[in-house]
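> For the sequence shown, position 114 matches number 135 in the numbering used here, and the numbering has no gaps at all. Virtual Cβ for every residue (Gly too), placed ideally from N, Cα, C.
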Amino acid sequence: MPDMDSRTRRALDDALRTLLERKPLAQIQVRELTELCGLRRQSFYYHFQDVYELFDWSLQRERELLLRRREDCLTWEQALRDLLERISGNRAYYHAILDNQGRPGLRAVFELSGMLECAFAYYWGRCGVTPDPAAEQMQMKCGETVLLSLLENWLRGELELEPEVALSMLSKAVNQSIAGATLQTLRKQGGLWEH
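1) Can you confirm whether the region 73-90 touches the region 116-128 when touching is taken to mean that 3 or more C-beta pairs between the two stretches lie within less than 8 Å?
2) Output the residue ranges of the alpha helix (DSSP H) runs that lie fully inside the region 50-116 and measure 4 residues or longer, sorted by chain position.
3) What number of angstroms, rounded off, separates the C-alpha of M159 from the C-alpha of F131?
4) With distances taken Cα to Cα, identify the nearest neighbour of P184 among M136, A100, V167, L127.
5) Please identify the residue among E179, P45, L40 whose C-alpha is closest to the C-alpha of C58.
6) Going by alpha carbons, who is nearest to E165 out of D153, P154, R128?
7) Kindly indicate the opening and closing residues of the alpha helix (DSSP H) around L169.
8) Heavy atom of the ligand SAM less than 6 Å from the Cβ of R112, yes or no?
9) Thinking just about the alpha-carbon of each residue, which of K162, R112, L54, Y115 is nearest to the one in E138?
10) Given a threshold of 16 other Cβ atoms within 10 Å of its Cβ, counted over all protein chains shown, does W214 qualify as buried or as exposed?
11) Among the residues of its own chain, which have a CB less than 8 Å from the CB of P45, if the five just before and after it don't count?
12) Count the other CB atoms within 10 Å of the CB of T55; is the residue buried (16 or more) or exposed (fewer)?
13) Helix, strand or coil for P45? Go by DSSP, reduced to three states.
14) In terms of alpha-carbon separation, which member of T96, S27, R89 lies closest to L188?
15) Return the chain-ordered list of same chain residues with a C-beta closer than 6 Å to the C-beta of E106, the five sequence neighbours on each side being excluded.
16) Can you grab the Cα-Cα spacing for the pair N174 / E98, in whole Å?
17) In whole angstroms, what separates the C-alpha of K193 from that of Q50?
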């Protein structure tokens with residue numbers, strides 16, 4: 022029976038995503054979801070209390086999917102490209118997250134901290150930065166805020182960029198930060214002469 026339960030939940034999730042292409046979450050009714058799936062209303066209520074509970078379950082499923090996909094990426098650029106392409110292909114769904122749960126909802130689904138930790142650790146190691154947990158934590162928070170703002174503006178259509186262009190801009194900003202960090206490290210170690 023769990024396999025049937027899982028299929029029913031996935032079918033309802035797919036129906037929810039389809040309806041989000043046409044209307045906001047607040048306007049979606051259980052009847053529409055079950056009709057789209059070919060299910061009875063009782064089947065919906067066996068699994069979920071209301072449309073918002075289905076949406077919460079869907080968000081958890083999406084988060085898990087994004088984390089699994091990220092495991093296949095070798096670099097932060099690949100992970101971010103994959104995320105941007107996923108958002109681009111499911112724009113209405115992610116817009117619903119933003120509309121209903123705001124930036125905290127996006128933060129929870131995207132789970133950017135893991136991607137940023139890997140990226141920062143790699144670059145800090147490359148430029149010889151001495152570990153400073155307090156500074157690293159602050160940089161992580163700033164990086165997450167910048168990335169979330171970019172993603173939010175991109176979702177809202179305020180930043181009209183193709184995923185590759187957005188990724189290129191971020192990569193350039195990160196590389197400039199690395200160059201600055203390397204320069205600071207060399208100065209601290211006496212490897213550069215002040216002019």
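From the atom records:
1) yes
2) 51-58, 62-68, 72-92, 97-110
3) As a working mapping, residue 159 is identified with position 138 in the sequence shown. As a working mapping, residue 131 is identified with position 110 in the sequence shown. Answer to the nearest angstrom: the Cα atoms are 19 Å apart.
4) Within the sequence shown, residue 184 is the residue found at index 163, counting from 1. Considering only alpha carbons, the answer is A100.
5) Along the sequence shown, one-based indexing puts residue 58 at 37. When only C-alpha atoms are compared, the closest one is L40.
6) Walking along the sequence shown from the start, residue 165 turns up at place 144. Among D153, P154, R128, the Cα nearest to that of E165 is on R128.
7) Here residue 169 corresponds to residue number 148 of the sequence shown, with the count starting at 1. Its alpha helix (DSSP H) spans residues 154-177.
8) The ligand SAM is absent from the structure shown, which contains no ligands of any kind.
9) Indexing the sequence shown from 1 puts residue 138 at position 117. Selected option, being the one with the closest Cα: K162.
10) Along the sequence shown, one-based indexing puts residue 214 at 193. Here the model assigns W214 a pLDDT of 49, short of 50, so the residue's position is not dependable, and the following value carries that caveat. Exposed, because fewer than 16 other Cβ atoms sit within 10 Å of the Cβ of W214.
11) The count along the sequence shown starts at 1 and reaches residue 45 at position 24. Within the same chain, P45 has close Cβ partners A117, D120.
12) Residue mapping note: residue 55 aligns to position 34 of the sequence shown, counting from 1. Result: buried.
13) As a working mapping, residue 45 is identified with position 24 in the sequence shown. DSSP places P45 in coil when its eight states are reduced to three.
14) On the sequence shown, residue 188 is found 167 positions in, with the first residue counted as 1. Of the listed residues, the one whose Cα sits closest to L188 is T96.
15) Position 85 of the sequence shown, counting from 1, holds the residue named residue 106. If we look at E106 and ignore the five residues flanking it on each side, its Cβ neighbours are P184.
16) For the purposes of this step, residue 174 is identified with residue 153 of the sequence shown, where counting begins at 1. For the purposes of this step, residue 98 is identified with residue 77 of the sequence shown, where counting begins at 1. Each residue's alpha carbon lies about 19 Å from the other.
17) In the sequence shown, counting from the first residue as 1, residue 193 sits at position 172. In the sequence shown, counting from the first residue as 1, residue 50 sits at position 29. So the two alpha carbons sit approximately 45 Å from each other.
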